[in-house]
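Participant: Shown below is the structure under consideration.
Number of protein chains: 2
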Amino acid sequence: MRMAELSRESGVPVATIKYYQREGLLPPGELTSPNQARYGAAHVRRLKLVRALLEIGGLSIAAVGEVLAAIDEPATSTHDILGLAQHGLPAATQEVTDEERAWAMGRIEAMAGRRGWEVHAGSPVVESLAGVLCALRQVGHEWVLDELDTYAAAADTVAEADVTAVAKLGATEAVVEGAVVGTVLGDALLAALRRMAHAQVSRRQFSV
Amino acid sequence: MRMAELSRESGVPVATIKYYQREGLLPPGELTSPNQARYGAAHVRRLKLVRALLEIGGLSIAAVGEVLAAIDEPATSTHDILGLAQHGLPAATQEVTDEERAWAMGRIEAMAGRRGWEVHAGSPVVESLAGVLCALRQVGHEWVLDELDTYAAAADTVAEADVTAVAKLGATEAVVEGAVVGTVLGDALLAALRRMAHAQVSRRQFSV
């Protein structure tokens with residue numbers, strides 16, 4: 001298909017598609033003449049993925065580029081694939097002092113100990129978690145951490161279902177894309193469901 | 001304290017503090033002379049909250065403004081307070097066709113029926129959830145929805161703990177701020193824990 005049809009199929013305006021191409025988020029089409037290119041179903045699919053990561057995942061253009069690089073990287077074991085997909089994902093960072101970081105790591109290690117989780121200090125995910133704990137303390141809402149074990153148990157249940165489902169996708173490329181999409185859009189899914197649940201619990205507990 | 005000390009106490013550069021003031025994210029100090037103002041502990045606290053919402057919550061400047069407006073709004077019942085805090089929060093939106101929306105609402109209503117949840121079609125939270133479902137279908141990763149009930153059960157467990165903890169904060173202002181901070185930073189906490197859990201589950205299932 002030509003560019004105009006790619007735009008219709010994907011619902012993305014032509015100018016936006018060209019912008020994504022300049023940013024390296026979409027591979028070039030197959031040139032059929034010096035200034036005309038042909039696109040396929042893979043381009044439509046990739047465009048929809050870019051839109052979902054930007055609009056639902058809330059990622060920046062640069063972060064989408066990193067995620068797509070993770071998807072396109074060849075890898076070996078399923079564990080490595082999942083790790084690679086995860087390390088390609090942007091993590092929240094927060095400036096913290098040594099004292100704050102030590103306090104956060106203490107809380108994380110205690111929680112991980114109770115759940116039988118391994119903690120790799122320095123890994124982006126652990127640093128990101130430590131940043132969230134420090135932010136909660138900095139804004140004076142440490143009480144949220146009284147729920148840390150409840151949150152971790154919920155995360156564990158969801159992660160078990162995620163990994164099992166992703167591993168069933170089969171082909172390496174599908175597993176990587178599934179891991180990335182499932183992680184980013186899964187966050188959005190969980191956040192929306194949590195807000196919906198807040199309304200239900202609040203109605204039950206406080207409504208007259 | 002003067003502006004320089006406010007900057008030291010909060011860890012936010014003076015130029016950034018002035019930018020936040022222009023954007024209405026920080027109330028003015030008490031004028032002690034035509035071009036000098038005095039700031040208090042409430043300013044330090046508010047600055048740390050703005051930083052956390054921007055950096056950990058990943059909100060835009062405009063969205064932080066809406067959240068702060070929700071925090072400063074006077075309200076009545078705890079249920080109303082929580083609703084207000086939630087409606088002040090930005091929700092992901094996704095362009096969907098009528099057919100897609102109907103399909104998503106069908107999935108949401110079936111899930112809600114199984115959990116005994118009320119669904120208010122048109123509420124920002126339900127629309128946001130419908131958007132996530134449509135995005136998953138658009139990118140060809142509908143399989144994530146096979147986990148919808150697992151996600152909803154996890155969200156329910158966390159929401160129950162959230163609402164119970166927030167209600168204990170007592171004063172109206174504290175409950176509103178707690179609800180907002182708990183919702184935004186709670187999303188970040190859950191996302192980080194879910195990624196940490198992914199690594200544990202993957203190691204257990206696939207590592208050699």
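Sequences listed follow chains V and C, in order. Here UniProt numbering is used: the first residue of the first sequence is 1, the next is one more, and so on. Here UniProt numbering is used: the first residue of the second sequence is 1, the next is one more, and so on. The C-beta atom is built at its ideal place from N, Cα and C for all residues, glycine as well. Quick caveat: nothing in here was measured; it's all calculated off a predicted structure.
Using only CA atoms, which one of Ala153(V), Leu148(V) and Asp149(V) lies nearest to Thr150(C)?
Facilitator: Here the closest residue by C-alpha is Ala153(V).
Participant: Name the one or two DSSP bridge partners that Arg38(V) has.
Facilitator: Answer by DSSP bridge pairing, in chain order: Glu30(V).
Participant: Using a threshold of 8 Å, state whether the C-beta atoms of Ala155(C) and Ala197(V) are closer than that.
Facilitator: Yes, the Cβ-Cβ distance between Ala155(C) and Ala197(V) is below 8 Å.
Participant: My understanding is that Ala188(V) touches Gly57(V), with C-beta atoms under 8 Å, so please give their C-beta distance in whole angstroms.
Facilitator: Right, the Cβ-Cβ distance comes to about 6 Å (below 8 Å), so this counts as a contact.
Participant: Looking at chain C, is there any beta carbon in it that lies within less than 8 Å of the beta carbon of Val176(V)?
Facilitator: No, its Cβ sits nowhere closer than 8 Å to a Cβ of chain C.
Participant: Would you check whether the ligand HEM has a heavy atom nearer than 7 Å to the C-beta of Val132(C)?
Facilitator: What this structure holds is no ligand at all, so the ligand HEM is not there to describe.
Participant: Assign His120(V) to one of three DSSP states: helix, strand, or coil.
Facilitator: Looking at His120(V) - three-state DSSP - the assignment turns out to be coil, as it is neither helix nor strand.
Participant: Compute the Euclidean distance between the alpha carbons of Asp98(C) and Ala42(V), then round it to the nearest angstrom.
Facilitator: Each residue's alpha carbon lies about 25 Å from the other.
Participant: State the Cα-Cα distance for the pair Lys48(C) and Val139(V), rounded to the nearest angstrom.
Facilitator: Their backbone Cα atoms lie some 6 Å apart in a straight line.
Participant: With burial defined as no fewer than 16 other Cβ atoms inside 10 Å of the residue's Cβ, what is the status of residue 234(V): buried or exposed?
Facilitator: In the structure as shown, chain V begins at 1 and stops at 208. Residue 234(V) is therefore absent and cannot be evaluated.
Participant: I believe Leu190(V) touches Val158(V) by the beta-carbon criterion, under 8 Å. Please report the beta-carbon distance rounded to the nearest angstrom.
Facilitator: Rounded, the Cβ-Cβ distance is 7 Å, consistent with contact.
Participant: Mind listing the chain V neighbours of Gln21(C)? Cutoff is C-beta to C-beta under 7 Å, in chain order.
Facilitator: Ordered by position in chain V, no residue passes the 7 Å Cβ test against Gln21(C), which lies about 19 Å from the chain.
Participant: Suppose contacts are defined by Cβ-Cβ distances below 8 Å. Is Gln205(V) in contact with Trp117(C) by that definition?
Facilitator: Against a cut-off of 8 Å, the Cβ pair of Trp117(C) and Gln205(V) comes out as no contact.
Participant: Classify His141(V) as helix, strand or coil using the three-state DSSP reduction.
Facilitator: Residue state, collapsed to three classes: coil.
Participant: Anything in the segment 139-155 of chain C with a Cβ closer than 9 Å to a Cβ of chain V? List those residues in chain order, please.
Facilitator: So the list reads Val139, Gly140, His141, Trp143, Val144, Leu145, Asp146, Glu147, Leu148, Thr150, Tyr151, Ala152, Ala153, Ala154 and Ala155, given in the order they occur along the chain.
Participant: Within 10 angstroms of its Cβ, does Ala46(C) collect 16 or more other Cβ (buried), or is it exposed?
Facilitator: It should be noted that the sequence gives Arg, not Ala, for residue 46(C). Under this definition Arg46(C) is a buried residue.
Participant: Counting along the chain, where does the alpha helix (DSSP H) carrying Gly106(V) start and finish?
Facilitator: Residues Asp98 to Arg115.
Participant: What does Ile56(V) touch in chain C if you count any residue whose Cβ is under 7 Å from its own?
Facilitator: Per Cβ cutoff of 7 Å: Ala92, Gln94, Gly131, Val132 and Ala135.
Participant: Check whether chain V comes within 8 Å of Ala191(C), counting only Cβ atoms and requiring the distance to be less than that.
Facilitator: Interface residue, yes.
Participant: Considering just the uninterrupted stretch of the alpha helix (DSSP H) at Glu5(C), what are its terminal residues?
Facilitator: First-last of the alpha helix (DSSP H) with Glu5(C): Met3 to Ser10.
Participant: Using CA coordinates, which residue listed in Glu100(V), Gly178(V), Tyr39(V) and Gly131(V) is at the minimum distance from Leu3(V)?
Facilitator: Looking at the sequence shown, residue 3(V) is not Leu but Met. Residue Tyr39(V) is the option with its Cα nearest to Met3(V).
Participant: Near Val12(C), what residues of its chain come up, given a Cβ to Cβ distance below 6 Å and the 5 sequence neighbours on each side ignored?
Facilitator: Excluding residues within five positions, the ones whose Cβ falls inside 6 Å are Leu47.
Participant: So what's Lys48(V) in DSSP terms, helix, strand or just coil?
Facilitator: Here Lys48(V) sits in helix by DSSP.
Participant: My guess is that Val15(V) and Pro28(V) are in contact by the Cβ rule of under 8 Å, so how many angstroms apart are they, rounded?
Facilitator: One detail in the question is off: residue 15(V) reads as Ala in this sequence, not Val. Contact doesn't hold; Cβ gap of about 17 Å is too wide.
Participant: Are the CB atoms of Leu185(C) and Val144(V) nearer to each other than 8 Å?
Facilitator: For Leu185(C) and Val144(V), yes; Cβs fall inside 8 Å.
Participant: Give the range of the alpha helix (DSSP H) segment to which Asp146(C) is assigned.
Facilitator: First-last for Asp146(C): undefined, no H or E at that position.
Participant: Quick check on Pro23(V): does DSSP put it in helix, strand or coil?
Facilitator: Before going on, a small fix: residue 23(V) reads as Glu here, not Pro. In this structure, Glu23(V) counts as coil in the three-state DSSP scheme.
Participant: Pick out whichever of Ala112(C), Ala104(C) and Gly170(C) has its Cα sitting closest to the Cα of Glu142(C).
Facilitator: Considering only alpha carbons, the answer is Ala104(C).
Participant: Excluding sequence positions up to five away, which residues of its chain have a Cβ less than 6 Å from the Cβ of Glu95(C)?
Facilitator: Nothing meets the Cβ criterion.
Participant: Can you tell me the Cβ-Cβ gap for Glu9(V) and Val50(V), rounded? I've got them flagged as a contact below 8 Å.
Facilitator: Their Cβ separation, rounded to whole angstroms, is 14 Å, which puts Glu9(V) and Val50(V) out of contact at 8 Å.
Participant: Checking contacts by CB at 8 Å: is Gly182(C) closer than that to chain V?
Facilitator: Judged by the 8 Å Cβ criterion, Gly182(C) is in contact with chain V.
Participant: Helix, strand or coil for Lys18(V), going by three-state DSSP, please let me know.
Facilitator: Looking at Lys18(V) - three-state DSSP - the assignment turns out to be helix.
Participant: Look at Gly178(V) and Val163(V) and say whether their C-beta atoms are less than 8 Å apart.
Facilitator: Cβ atoms of Gly178(V) and Val163(V): not closer than 8 Å.
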